[in-house]
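*Asks:*
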Amino acid sequence: MFDLPLVLALLTLISPVDFIPDFVPFMGRFDDFISIIYIIYKLAKAFRRA
């Protein structure tokens with residue numbers, strides 16, 4: 001019911017503070033990309049079960 005990693009991934013995307021700043025080439029956007037992929041994966045998995 002409650003998935004802490006999913007909540008943390010969502011907070012990472014909406015937070016104005018990044019773990020890796022976006023001005024760092026490649027890696028700045030990579031952490032956002034990984035969060036988006038994880039969220040899509042978890043939502044797809046939840047909808048498959050439903």
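Each residue of the sequence shown is one higher than the one before, starting from 1 at the first, in UniProt numbering. Beta carbons are placed, not taken as given, at the ideal position from N, Cα and C, and that holds for glycine. Quick caveat: nothing in here was measured; it's all calculated off a predicted structure.
#1: Alpha carbon to alpha carbon, how far is Phe19 from Arg49?
#2: Where does Ala50 fall in DSSP's three states?
#3: Just verifying my parser: in three-state terms, what is the DSSP assignment at Val24?
#4: Rounded to whole angstroms, what's the CA-CA distance from Phe47 to Pro16? Just pull it up for me.
#5: Can you find the residues in the same chain that come closer than 6 Å, C-beta to C-beta, to Lys42, ignoring five residues on each side of it along the sequence?
*Replies:* Walking through what the data contain:
#1: In the sequence shown, counting from the first residue as 1, residue 19 sits at position 19. In the sequence shown, counting from the first residue as 1, residue 49 sits at position 49. Linking Phe19 to Arg49 through their CA atoms gives a straight-line distance of about 32 Å.
#2: Along the sequence shown, one-based indexing puts residue 50 at 50. Correct three-state label for Ala50: coil.
#3: Stepping through the sequence shown from its first residue, residue 24 is reached at position 24. Looking at Val24 - three-state DSSP - the assignment turns out to be coil, as it is neither helix nor strand.
#4: Mapped onto the sequence shown, residue 47 falls at position 47. Mapped onto the sequence shown, residue 16 falls at position 16. Each residue's alpha carbon lies about 29 Å from the other.
#5: Locating residue 42 in the sequence shown gives position 42, counting from the first residue. Same-chain partners within the cutoff: Leu6.
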